[in-house]
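Visitor: Chains as they are written, first to last, in the numbering used here: chain V, 42 to 250; chain P, 42 to 250. Beta carbons: idealized from backbone N, C-alpha and C, even for Gly. In this text the structure is predicted, and so the values were computed from the model without any measurement. Handing you this structure, nothing more for now.
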């Protein structure tokens, strides 16, 4: 499992030419880092008299971030799990007509499966951004810069994950299904990145000096 | 050391309210993840007949990325090292005139030191983006989506690190020095983010389907 590895070992595996982990897993991990920073902001806010009025909201956000972090770590593993069978399918023989037809059917199914995992990463990030937006407003002023970093990590997870949707849909034969998946991804990318930039802009403004 | 921790443990520390690791360390780590993905692209390119003509360039980039990754991991540690004395300085007594003067002098020095580490992270990212730009053009076409993810991780490192420059310069009394550091950071942020967006745009275009 991704989370059980040391950072050094994970970086080594990521750097290597072996098929996993790759960009999909790294995107999910960036999202997990963002959720951890959001949790830090929560932890620096709760229990303080000054923020007693928003404590219930913050606790709710923290529970949400815990769930998202666990989901993203699971998706980092899932990304590896769905890529291995796809890499294997690329290597299937394609000499006879029958082999080609079989390979194409297997590829199609695995490409589609492999494109769903980064879509789930993107959905998690969209939910995370809603939480971070509220944390920017209600969280401890001492940790506002960390909200900004969390937003950027979420943005990287989003715009990293979309690459892994597109790289898979690109090879799909079912162009209608590919277009459907691409549209879903594109919508999340554009709306999510805009939202991230908006929250980040607010943080930048507060740090102006 | 950051790299010796498991991902799970690092996320736990990052989530907690203890002062380090925080957004500065997480930004440096995002940069290290980006460099690892750049290395993966290199590893998937070298030794292939198709890319023999660019092999020397790729090998040069890989050496550069190795150095940047080591630098960024070191900077993640450094970020923690410079923050601890700063957090301590915040707690110095300020009852007498003498205590206040002493606290102010100590704070000023430690704020300045603490703002230099994220600036070094930003410098590393700027160098990484130059490498990724060339990898987008010369690296294995099979790994182009990973260049896109690497670019986004680098962008997150850059725009995350700048937060930790601003949060420190904001409290500095020497406003000339603060303005100097801010200007340096702002220049790297704007030029680096634009460059990242440009490379990412090229990758997106290549994945269009």
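(1) Locate the alpha helix (DSSP H) running through residue 126(P), then write down its first and last residues.
(2) So the alpha helix (DSSP H) residue 231(P) belongs to, where does it begin and stop?
(3) Output, in chain order, the set of chain P residues within a Cβ distance shorter than 8 Å of residue 118(V).
(4) Could you say if the region 163-177 of chain V and the region 119-134 of chain V meet the contact criterion of at least three C-beta pairs nearer than 8 Å?
(5) Please list, in chain order, all residues of the same chain as residue 119(V) whose beta carbon is under 6 Å from its beta carbon, the five residues on each side excluded.
(6) Can you name, in chain order, every residue of its own chain whose Cβ lies under 8 Å from the Cβ of residue 135(V), other than the five neighbours on each side?
(7) So which residues of chain V does residue 222(P) contact, with C-beta pairs closer than 9 Å?
(8) State the DSSP-derived secondary structure class of residue 137(V), mapped to helix, strand or coil.
(9) Please list, in chain order, the chain V residues whose beta carbon lies closer than 7 Å to that of residue 211(P).
(10) Thinking residue 226(V) and residue 163(V) are a contact (beta carbons under 8 Å), I'd like their distance in whole angstroms, please.
(11) Could you spell out where the alpha helix (DSSP H) holding residue 56(V) opens and where it closes?
(12) If we define contact as Cβ-Cβ less than 7 Å, is residue 67(P) a contact residue for chain V?
(13) Jot down the residue ranges of each uninterrupted beta strand (DSSP E) in the region 137-173 of chain V, minimum 3 residues, whole runs only, in chain order.
(14) Please tell me whether residue 239(P) has its Cβ less than 7 Å away from any Cβ of chain V.
(15) Is there a Cβ of chain V sitting closer than 7 Å to that of residue 49(P), yes or no?
(16) Mind checking the region 135-151 of chain V against chain P and listing, in chain order, the residues whose C-beta falls within less than 7 Å of any C-beta there?
(17) With a threshold of 6 Å on Cβ separation, who are the neighbours of residue 82(P) within its own chain once the five nearest residues in sequence on each side are excluded?
(18) What whole-angstrom Cβ distance do residue 106(V) and residue 80(V) have, given they're in contact under 8 Å?
(19) Counting beta carbon pairs with one atom in the region 215-234 of chain V and one in the region 188-202 of chain V, are three or more of them shorter than 8 Å?
(20) Assuming residue 109(V) contacts residue 194(V) (C-beta within less than 8 Å), just tell me the rounded distance between them.
(21) Could you give the residue range of the alpha helix (DSSP H) that holds residue 200(V)?
(22) Take residue 70(V) and list the residues in its own chain whose beta-carbon comes closer than 6 Å to its own, dropping the five residues that flank it on each side.
(23) Quick one: Cα of residue 165(V) to Cα of residue 76(V), how far?
(24) When you compare only the Cα positions, how much space is there between residue 95(V) and residue 178(V)?
(25) Strictly below 8 Å CB to CB, what residues from chain P border residue 44(V)?
(26) Residue 65(V) lies in the alpha helix (DSSP H); which residues open and close that run?
(27) Report the option in 89(V), 91(V), 139(V) and 207(V) whose CA atom is closest to the CA atom of residue 64(V).
(28) What is the C-beta distance between residue 223(V) and residue 250(P), in whole angstroms, given that I count them as a contact (C-beta under 8 Å)?
(29) Please list, in chain order, the chain P residues whose beta carbon lies closer than 8 Å to that of residue 182(V).
(30) Which of the three DSSP states is assigned to residue 89(P) in this structure?
(31) Taking 7 Å as the CB-CB limit, is residue 187(V) close to chain P?
(32) Can you tell me the Cα-Cα spacing of residue 57(P) and residue 91(V), whole angstroms?
(33) So is residue 132(V) buried or exposed if we call it buried at 16+ other beta carbons inside 10 Å?
(34) Which value, in whole angstroms, describes the spacing of the CA atoms of residue 99(P) and residue 112(P)?
Guide: So, from the listed chains and residues:
(1) 96-131
(2) Here the alpha helix (DSSP H) through residue 231(P) covers 216-248.
(3) By Cβ distance, chain P contributes nothing, its closest Cβ being about 11 Å from residue 118(V), past 8 Å.
(4) The region 163-177 of chain V makes no contact with the region 119-134 of chain V: fewer than 3 CB pairs, one atom from each, lie closer than 8 Å.
(5) 158
(6) Counting only Cβ-Cβ distances below 8 Å, and skipping sequence neighbours, we find 141 and 144.
(7) Correct list: empty, because the minimum Cβ distance to chain V is about 10 Å.
(8) Here residue 137(V) sits in coil by DSSP.
(9) 248 and 250
(10) 6 Å
(11) 48-56
(12) Interface residue, yes.
(13) Fully contained in the region 137-173 of chain V is no beta strand (DSSP E) run of length 3 or more.
(14) Closer than 7 Å to the CB of residue 239(P) there is not a single CB belonging to chain V.
(15) yes
(16) When CB distances to chain P are screened at a threshold of 7 Å, not a single residue of the region 135-151 of chain V falls below it.
(17) 176, 180, 184, 187 and 188
(18) 5 Å
(19) yes
(20) Going by Cβ atoms, the distance from residue 109(V) to residue 194(V) rounds to 12 Å, so no, they are not a contact pair.
(21) 185-210
(22) 117
(23) Residue 165(V) and residue 76(V) have their alpha carbons spaced roughly 10 Å apart.
(24) 10 Å
(25) 47, 48, 49 and 52
(26) 64-84
(27) 207(V)
(28) 7 Å
(29) The contacting residues do not exist; residue 182(V) stays about 11 Å from chain P at best.
(30) coil
(31) yes
(32) 19 Å
(33) Within a 10 Å sphere around the beta-carbon of residue 132(V) sit fewer than 16 other beta-carbons, which makes this residue exposed.
(34) 20 Å
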